[in-house]
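Q: Pasting a structure below so you can have a look.
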Amino acid sequence: MIKGFKDFIMRGNVVELAVAVVMGAAFGAIVNALVSDIIMPLITAIFGKPNYGDLVFTVHKSRILYGSFITAVIQFLLIATGVYFFIVMPLNHLEKRRKRRQGVADVPPPAESELELLAQIRDALRDGHGPVSGVGADLGRD
């Protein structure tokens with residue numbers, strides 16, 4: 001039982017997932033600090049409101065905290081931007097370089113059997129042979 005658990009934990013996907021969760025939490029803390037300590041004060045300097053968390057409106061004695069929502073949206077956009085520019089783009093670039101180094105084309109050419117089949121279809125259509133029966137047999141008829 002212990003050996004099976006150890007084998008499960010040491011598989012690549014589980015370890016990579018654990019690292020991703022820890023790194024994501026750390027990245028989230030950095031973005032939260034960036035938003036609360038740098039971005040929001042800049043927005044405050046521009047728009048003159050010191051704290052957006054206290055922006056609310058009331059409907060039938062229910063408080064709608066739209067200021068907190070605005071802050072959460074800004075944090076999400078910054079996290080998405082950071083992930084894209086600092087993780088996705090570099091990984092895509094590395095993958096392209098790896099494929100180029102290995103001589104792998106971006107799009108593999110179609111298999112020979114597919115080309116032969118397409119040529120047969122083209123020739124049949126050129127010779128005026130349309131669908132004989134089944135689905136599509138009535139296509140092209142008035």
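For the sequence shown, the residue numbers in full-length UniProt numbering are 1 to 142.
Glycine included, C-beta positions come from ideal geometry on N, C-alpha and C.
1) At what residue ranges does the stretch 31 to 117 contain a whole run of the beta strand (DSSP E), taking only runs of 3 or more?
2) For tyrosine 52 and valine 88, I'd like the C-alpha separation in whole angstroms.
3) Given a threshold of 16 other Cβ atoms within 10 Å of its Cβ, counted over all protein chains shown, does valine 35 qualify as buried or as exposed?
4) Using 10 angstroms around the beta-carbon of methionine 40, count the other beta-carbons present and answer buried if the total reaches 16, otherwise exposed.
5) Does the Cβ of valine 31 have 16 or more other Cβ atoms within 10 Å, making it buried, or fewer, making it exposed?
6) Out of Lys49, Ile79, Val83, state which residue places its alpha-carbon closest to the alpha-carbon of glycine 67.
7) Rounded to whole angstroms, what is the Cα-Cα separation between threonine 58 and leucine 65?
8) Name the two residues that bound the continuous alpha helix (DSSP H) containing glycine 4.
9) What does the alpha-carbon distance come out to for the pair glycine 24 and histidine 60?
10) Please state whether DSSP places aspartate 127 in a helix, a strand or coil.
11) Hey, isoleucine 79 and glycine 128 are a contact pair by Cβ (cut 8 angstroms); roughly how many whole angstroms apart?
12) What's the gap between the Cα of residue 151 and the Cα of asparagine 92?
A: Once the coordinates are examined:
1) 57 to 59, 62 to 64
2) 31 angstroms
3) buried
4) buried
5) buried
6) Lys49
7) 9 angstroms
8) 2 to 10
9) 39 angstroms
10) coil
11) That pair is no contact at about 60 angstroms.
12) The structure shown does not extend to residue 151, since the chain is modelled only from 1 to 142, so the question has no answer here.
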